[in-house]
Structure formats: C-alpha cells, structure tokens
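In this text, residue positions in the sequence shown follow this note's numbering: the first is 559, and each later residue adds one. Taking it in order: structure first as structure tokens, then the write-up.
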Amino acid sequence: MSELVRCVDVARVYGRGRRSVVALHDISCAVAAGDAIAVTGPSGSGKTTLLHLLAGLDEPTAGEVRRAEARAGMVFQGDSLVPSLDALENVALPLLIAGRGEQEARREGMRALESVGVSELAWRLPQELSGGQAQRVALARVLAERPDLVLADEPTGRVDSERALQIADLLAELARTGVAVVVATHDEAIAARLPGRWEMRDGTLRVATPQDRPC
Ligand SMILES: Nc1ncnc2c1ncn2[C@@H]1O[C@H](COP(=O)(O)OP(=O)(O)OP(=O)(O)O)[C@@H](O)[C@H]1O
Ligand SMILES: [Mg+2]
C-alpha cells in the first residue's frame, strides 16, 4: 500500500514561554492508502492538532511531516460552510475553484450529497440546516473532490447515533476503495466501525491496532 503521509518525531507547541501549550510530542505515525483509522482520546489530547498536521494545514514545531503527492480533504470539527451559499453550492464550490465546469460541479456535488443522505437539502442555506445536517454537507464537500486522504474531525458529533454509524460505515467503505481515512471521534461505537485505532493521551499517540504503521 502506498504511504500518503508520515509523521517523524513530531511536536506541536502553541504559543511561547510560560503560556505555551504542548499539544503534541514524540508523535511518529503513518497513513497509507486504504487505511481507516479512528483517532480517539479525551478532549484536549491533541486529535484536532494531529489531523491538521496530517492535512498539511499546520506545521510541526519539531520533527517532520512527510507527505506524498496526494489530495487531502479535511472535514472540520466546527462550522465550515459558507453561510451565503446553499448546500449544493457549498459542495460544488471547491470543484469550481479546481476548474470544473458548472454543470459537472453541480452533478458531482449532488452525487456527494446523495452519498451522505442529504440530497433533499441541496437548496437550503447553512442556517436552515441542523448541526448534524451541516456536518454531512461538510463531509459531502470533501468527498466530492475525491480525495486520496480524508481527515474527518468528529464528523458525527452532532448526528444522531444511527446516522453516525451509517457515516462511519461509509467512511470504512471508502477506505476499502483505496482512500485513506482518519477520523477523530469521542464515540466508541464509531471507532469500532474502523479497523485502525490511534489512541491519544496528553499529546502522545498509542497505536492500538496493527493496521497503522508504527515507525
Ligand atoms: N490555537 C491554539 N492555541 C493554544 N492552544 C491550543 C490551540 N489549539 C489547541 N490548543 C491546545 O492544544 C491541546 C490539544 O488541542 P486539540 O484541539 O488538538 O485537542 P482535541 O483532542 O482535538 O480536543 P477535542 O476532543 O475537545 O476536540 C489542548 O490543550 C488545547 O487547549
Ligand atoms: Mg478536536
């Protein structure tokens, strides 16, 4: 399996001096095509920080994050939809930016909305969506781009439990097609649907299953 991203002795410290926070330290891990990894751990243990580093949205303060040429898509923990655009426009926007034609972008966007079960909400503005519906639209926006690596930060935090399991299964299925999937979650039931497990404690990582590749 081809490796998409590897962290080597990574640390991430926020701020400086007495007020600095060590969010991550001594992290070494790797993600390869087809991996489906749940990142679990208490609030503040560093899950979001690690996902942002893996996505290339942030840089480590020590160590190295090595990334292969691959498309990474991040599903953010908080609200991330553009408020003035409806759900379909939100999902189509990255495709338009990438140079796809409008019709194709809308068709692909609709397909992605369907895949997460919210195509009937295509014409709603973000403010007209529930928290869980908005999360699914944000996931669709990432899936529409057909990334090689999906980093999903609590993608089911505001979704009801049955729907949350469906989303977990969808992400596991995506991994079976060769996409790498890393999901931060507090929810044991979600984590159990994914074969790989990284457990975070106070900024360090304990690799709990053999699926991922300890370095
Ligand atoms: N921008 C920031 N500036 C300073 N400290 C930060 C910043 N972002 C995160 N932290 C701190 O870094 C640590 C790790 O935060 P992170 O958001 O990665 O945790 P998490 O595991 O995702 O938590 P949660 O489960 O609540 O989402 C925490 O102590 C947090 O307070
Ligand atoms: Mg977080």
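Ideal placement from N, C-alpha and C gives every residue a C-beta, glycine not left out.
Spatial distance of residue i from residue j (CA atoms)
i, j, result
"Val589", "Thr762", "17 Å"
"Ser578", "Pro618", "14 Å"
"Lys605", "Cys565", "14 Å"
"Val741", "Arg751", "11 Å"
"Glu561", "Leu723", "27 Å"
"Leu701", "Ala656", "14 Å"
Residue i, DSSP secondary structure in three states
i, result
"Leu732", "helix"
"His610", "helix"
"Asp567", "strand"
"Ser719", "helix"
"Val695", "helix"
"Gly667", "helix"
"Gly631", "strand"
"Asp727", "helix"
"Arg704", "coil"
Close-in-space but distant-in-sequence residues of the same chain around residue i (CB under 6 Å, 5 per side omitted)
i, result
"Pro768", "Residue confidence for Pro768 is low, a pLDDT of 48 falling below 50, so the modelled location carries little weight; the figure read from the coordinates is stated next. For Pro768, where only same-chain residues beyond five positions count, there are no Cβ hits under 6 Å."
"Ala650", "Ala663, Arg664 and Gly667"
"Arg694", "Val674 and Val676"
"Ser719", "none"
"His610", "Asp616"
Neighbour flag for residue i against chain C, beta carbons, 8 Å
i, result
"Ala594", "Protein chains in the displayed structure number just one, and chain C is not present."
Own chain, CB closer than 7 Å to residue i, minus 5 neighbours either side, in chain order
i, result
"Gly599", "Lys605, Glu757, Met758 and Arg759"
"Leu643", "Leu651"
"Glu686", "none"
Residues bridged to residue i (per DSSP)
i, result
"Ile783", "Lying outside 559 to 773, the shown extent of the chain, residue 783 is not represented and no answer is given."
"Ala590", "Glu561"
Practice task
Tell me, please, whether the region 745-761 touches the region 579-596 by the rule of three or more beta-carbon pairs shorter than 8 Å.
Solution key: yes
Problem - the region 633-651 in contact with the region 580-588 per 3-pair CB rule at 8 Å - result: no
Handout entry: Validate contact between the region 624-632 and the region 703-718 using beta carbons, cut 8 Å, 3 pairs
Key = yes
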